[in-house]
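Asks: Everything in the sequence shown is counted per my numbering, starting at 7 for the first residue and increasing by one.
Note that CB positions come from ideal geometry on N, CA and C, so glycine has one too.
Being a predicted model, the structure only gives us computed values, none of them experimental.
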Amino acid sequence: MARQLDEQIAGRFPVGQRLRVLDVGMGQGTQALRLARLGHQVTGVEQDATMIAAAREALAAQPEGIRERVRLVQGDGRDTGVHFLPGSFDVVLCHGVLMYVEEPDPLVAGLARMLAPGGLLSLLVRNGDALAMRPGLAGDWAGALAAFDTTAYRNRLGLDVRADRLSALTATLAGIAAPLHAWYGVRVFTDTAADDAPIPDDLETLLAAEERAGRTDPYRGMAALLHLCGVRG
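1. Give the straight-line distance between the Cα atoms of residue 171 and residue 180, rounded to the nearest whole angstrom.
2. Tell whether a beta-carbon distance below 9 Å holds between residue 177 and residue 137.
3. List the residues that DSSP assigns as beta-bridge partners of residue 234.
4. Could you give the residue range of the alpha helix (DSSP H) that holds residue 114?
5. Ignore the nearest five residues each way along the sequence and tell me which others in residue 54's own chain have a CB closer than 6 Å to its CB.
6. Pick out whichever of 135, 92, 30 and 29 has its Cα sitting closest to the Cα of residue 156.
7. Can you give me the start and stop residues for the alpha helix (DSSP H) that residue 158 sits inside?
8. Between residue 42 and residue 48, how many whole angstroms is the CB-CB distance? I'm expecting something under 8 Å.
9. Could you give the DSSP three-state label for residue 226: helix, strand or coil?
10. Looking at the unbroken alpha helix (DSSP H) that takes in residue 88, where does it start and where does it end?
11. Less than 8 Å between the CB atoms is what I'm expecting for residue 237 and residue 7, so what's the real figure, rounded?
12. Grouping DSSP H, G and I as helix and E and B as strand, with all else coil, what is residue 196?
13. Using the beta-carbon count (16 or more within 10 Å), is residue 23 buried or exposed?
14. Going by C-alpha to C-alpha distance, which of 201, 212, 184 and 173 sits closest to residue 227?
15. Taking the alpha carbon of residue 187 as the reference point, which residue from 233, 32 and 103 has its own alpha carbon closest?
16. At 4 residues or longer, what runs of the alpha helix (DSSP H) sit wholly inside the region 32-92?
17. For residue 144 and residue 200, what's the separation of their Cα atoms in angstroms?
Next comes the structure, spelled out in structure tokens:
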């Protein structure tokens with residue numbers, strides 16, 4: 007996903023431009039810190055106290071120059087309009103958040119308002135068009151059959167959450183003046199790997215295979231996650 011994001015940034019902004027980045031639902035700050043290391047000014051928003059504490063700890067271990075480029079805010083991604091002015095950011099990330107939001111359209115619209123003209127909106131969502139893949143590959147035939155007719159599922163944390171269909175999000179992005187520019191699949195081949203599976207020795211080959219599949223039809227449409235990139239008009 008980081009490679010996909012870098013590809014979109016490189017294709018949209020001049021080389022060396024220091025971007026203003028908003029990372030909503032940043033978790034422990036993996037992408038926020040990575041982008042700060044690349045020289046960008048990053049604001050991370052996270053509601054979960056444990057996650058933001060981990061992000062602050064990770065940030066404290068960074069050199070001063072990187073620390074100065076990161077601002078961490080504890081809050082809900084749905085209140086961005088309270089904290090920031092419209093058009094304040096060149097890039098807005100919202101990765102792994104929409105599955106926890108019952109009505110995603112207002113959140114996505116609010117995020118788009120944070121973008122300057124020509125800005126990039128990056129969404130990572132559960133693929134509602136491929137929910138049957140995980141139970142099917144695990145031999146859960148009843149679960150696979152049930153998944154065809156719903157966008158609701160239970161995640162690995164045991165929480166009842168929701169997925170998004172590509173067509174629905176494409177329509178949403180078009181309706182908020184940030185039409186879909188590119189999309190990728192994430193976790194095409196590796197979705198059934200156990201959470202505690204060891205990192206394989208041939209990691210680079212694995213990543214190359216995932217990256218190729220994530221941009222190639224029909225494989226990307228079967229991915230567990232979709233990475234959608236919209237551009238603000």
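Replies: In short:
1. As a first step, residue 171 must be located in the sequence shown, where it is residue number 165. As a first step, residue 180 must be located in the sequence shown, where it is residue number 174. Between residue 171 and residue 180, the C-alpha separation is close to 14 Å.
2. Counting from one through the sequence shown, the residue named residue 177 turns up at place 171. Counting from one through the sequence shown, the residue named residue 137 turns up at place 131. No, these two residues do not count as a Cβ contact at 9 Å.
3. One-based indexing of the sequence shown puts residue 234 at position 228. Answer is 129 and 189, bridged to residue 234.
4. As a working mapping, residue 114 is identified with position 108 in the sequence shown. Start and end: 110-119.
5. For the purposes of this step, residue 54 is identified with residue 48 of the sequence shown, where counting begins at 1. No residues qualify anywhere along the chain.
6. Residue mapping note: residue 156 aligns to position 150 of the sequence shown, counting from 1. For residue 156, the nearest C-alpha among the options comes from 135.
7. The count along the sequence shown starts at 1 and reaches residue 158 at position 152. Segment 158-160 is the beta strand (DSSP E) holding residue 158; no alpha helix (DSSP H) there.
8. In the sequence shown, counting from the first residue as 1, residue 42 sits at position 36. In the sequence shown, counting from the first residue as 1, residue 48 sits at position 42. Confirmed, about 5 Å.
9. As a position in the sequence shown, residue 226 is number 220, starting the count at 1. In this structure, residue 226 counts as helix in the three-state DSSP scheme.
10. Reading the sequence shown from its first residue, position 82 is the one you call residue 88. Taken as a continuous stretch (DSSP letters only), the alpha helix (DSSP H) holding residue 88 covers 86-89.
11. If you number the sequence shown from 1, residue 237 lands on position 231. If you number the sequence shown from 1, residue 7 lands on position 1. Going by Cβ atoms, the distance from residue 237 to residue 7 rounds to 18 Å, so no, they are not a contact pair.
12. As a working mapping, residue 196 is identified with position 190 in the sequence shown. If DSSP states are grouped into helix, strand and coil, residue 196 belongs with coil.
13. On the sequence shown, position 17 is the one that residue 23 refers to. By the 10 Å Cβ count, residue 23 comes out exposed.
14. As a first step, residue 227 is located in the sequence shown; it is residue number 221 there, counting from the start. The shortest Cα separation from residue 227 among 201, 212, 184 and 173 belongs to 173.
15. Residue numbering aside, residue 187 sits at position 181 when the sequence shown is read from its first letter. Looking at the Cα atoms, 233 is the closest of the given residues.
16. 36-43, 55-66, 70-73 and 86-89
17. Your numbering for residue 144 matches position 138 in the sequence shown. Your numbering for residue 200 matches position 194 in the sequence shown. Looking at the two C-alpha atoms, the distance is approximately 12 Å.
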